[in-house]
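One structure is given here, and the rest of the page talks about it.
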Amino acid sequence: MNKDLYEMIFKRKSFHLFRNIGNDHINEDELNDIEKEFSKLKPLVDDIKVKIRIVKKESILRGQEYCILFYSEVKDNYLQNIGYLGEQLDLYLVSKNIGTLWFGIGKPDEEQFDGLDFVIMIAIAKVDSEDKFRKDMFKSKRKEISEIWSGDNYLDIANIVRFSPSACNTQPWKVEAHEKEIKVYRYRKEGKRGIMPKDKVLYYNQIDIGIFMCFLELCLEHNGITYKKEVFVEEDHEKENNLTAIYHF
Numbered sequence: 117m118n119k120d121l122y123e124m125i126f127k128r129k130s131f132h133l134f135r136n137i138g139n140d141h142i143n144e145d146e147l148n149d150i151e152k153e154f155s156k157l158k159p160l161v162d163d164i165k166v167k168i169r170i171v172k173k174e175s176i177l178r179g180q181e182y183c184i185l186f187y188s189e190v191k192d193n194y195l196q197n198i199g200y201l202g203e204q205l206d207l208y209l210v211s212k213n214i215g216t217l218w219f220g221i222g223k224p225d226e227e228q229f230d231g232l233d234f235v236i237m238i239a240i241a242k243v244d245s246e247d248k249f250r251k252d253m254f255k256s257k258r259k260e261i262s263e264i265w266s267g268d269n270y271l272d273i274a275n276i277v278r279f280s281p282s283a284c285n286t287q288p289w290k291v292e293a294h295e296k297e298i299k300v301y302r303y304r305k306e307g308k309r310g311i312m313p314k315d316k317v318l319y320y321n322q323i324d325i326g327i328f329m330c331f332l333e334l335c336l337e338h339n340g341i342t343y344k345k346e347v348f349v350e351e352d353h354e355k356e357n358n359l360t361a362i363y364h365f
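In our numbering, the protein residues as written are 117 to 365.
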């Protein structure tokens, strides 16, 4: 994974409204670069076919310039894979002063593309100043470390990864941290889901856990921690804690 993306964790924010961002625009070269960058990203699961389409805002009726539409084969962990890939692209865009929003309720003009199913989109627009991105990530509303992280190991990493974005800020993750391994779970509990329909919580929270793993791996690599990763398929979506991955050190 591109280690330069780590610093973008502190800069990124969700542009829920693309207002007061200036009059700059994403140009053709930048659009081509986005396509090229996506083809270079590290997947969570190697054998899942994925593609993106970049469409103009008129296709989606939102205040952004473009939307990046993610399409995938429907296979085990395909949602986690899109979250993992999409967050790498999200952070890359931030590095180019392109504002982003994971736009779960967006409807594509095409539900299928090259035989792949639509999964989710990211809305984007050019921002004319870095000052309009996040200035202090730690002021963002997130769960306390004690709510998501079990154990006294790697707490410095815990304090960064808890700022991973998630659908309606549901933050569906729990971690067991030991000296020689970290276990990541998708945490399921009835409660806050904002405008997200109840029947969509499982869908989007699987994408969210992929986003979280992207943040976690960037933090591990930034700290020079080498690891081997096991990724698991959820056996029972209704369990409170679903084991997603184990990182062995």
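Just so it is clear, CB atoms sit at the ideal spot from N, CA and C, and this is done for glycine as well.
**OP:** Assuming residue 364 and residue 297 form a contact by the criterion Cβ under 8 Å, report the distance between their Cβ atoms to the nearest whole angstrom.
**Re:** 5 Å
Original post:
Among 225, 163, 241, which residue has its Cα nearest to the Cα of residue 139?
Top reply: 241
Original post:
Out of curiosity, what's the CA-to-CA distance linking residue 183 and residue 135?
Top reply: 16 Å
Subject >> Straight-line Cα distance separating residue 278 from residue 269 >> reply: 15 Å
**OP:** Within the same chain, show all residues whose beta-carbon is closer than 6 Å to that of residue 216, passing over the 5 residues directly before and after it, in chain order.
**Re:** 206, 209, 238, 240
Subject >> Any alpha helix (DSSP H) of 4 or more consecutive residues that is wholly inside the segment 261-331 >> reply: 261-264, 271-277
Subject >> Collapsed DSSP secondary structure at residue 204 in the structure displayed >> reply: helix
**OP:** Determine the burial state of residue 199: buried for a count of at least 16 other Cβ atoms within 10 Å of its Cβ, exposed for fewer.
**Re:** buried
Original post:
In whole angstroms, what is the alpha-carbon distance linking residue 172 and residue 223?
Top reply: 13 Å
**OP:** State the beta-bridge partners of residue 216 as determined by DSSP.
**Re:** 130, 240
Original post:
Three or more C-beta pairs closer than 8 Å, one from the segment 248-264 and one from the segment 225-235: is that the case here?
Top reply: no
**OP:** Determine, using beta carbons only, whether residue 193 and residue 300 come nearer to each other than 9 Å.
**Re:** no
Original post:
For the 8 Å Cβ check, are there 3 or more pairs between the segment 144-158 and the segment 258-268?
Top reply: no
Original post:
So what does DSSP say about residue 166, is it helix, strand or coil?
Top reply: strand
Subject >> Span separating the alpha-carbon of residue 128 from that of residue 354 >> reply: 32 Å
Subject >> Reference residue 162; option with closest CA among 196, 327, 281 >> reply: 196
Original post:
Can you tell which of 293, 331, 357 has its C-alpha closest to the C-alpha of residue 302?
Top reply: 357
Subject >> Rounded straight-line distance, which links the Cα of residue 143 to that of residue 214 >> reply: 11 Å
Original post:
According to the neighbour-count rule (16 or more other Cβ atoms, all chains shown, within 10 Å of its Cβ), is residue 228 buried or exposed?
Top reply: exposed
Original post:
For residue 359 versus residue 273, is the C-beta spacing smaller than 9 Å?
Top reply: no
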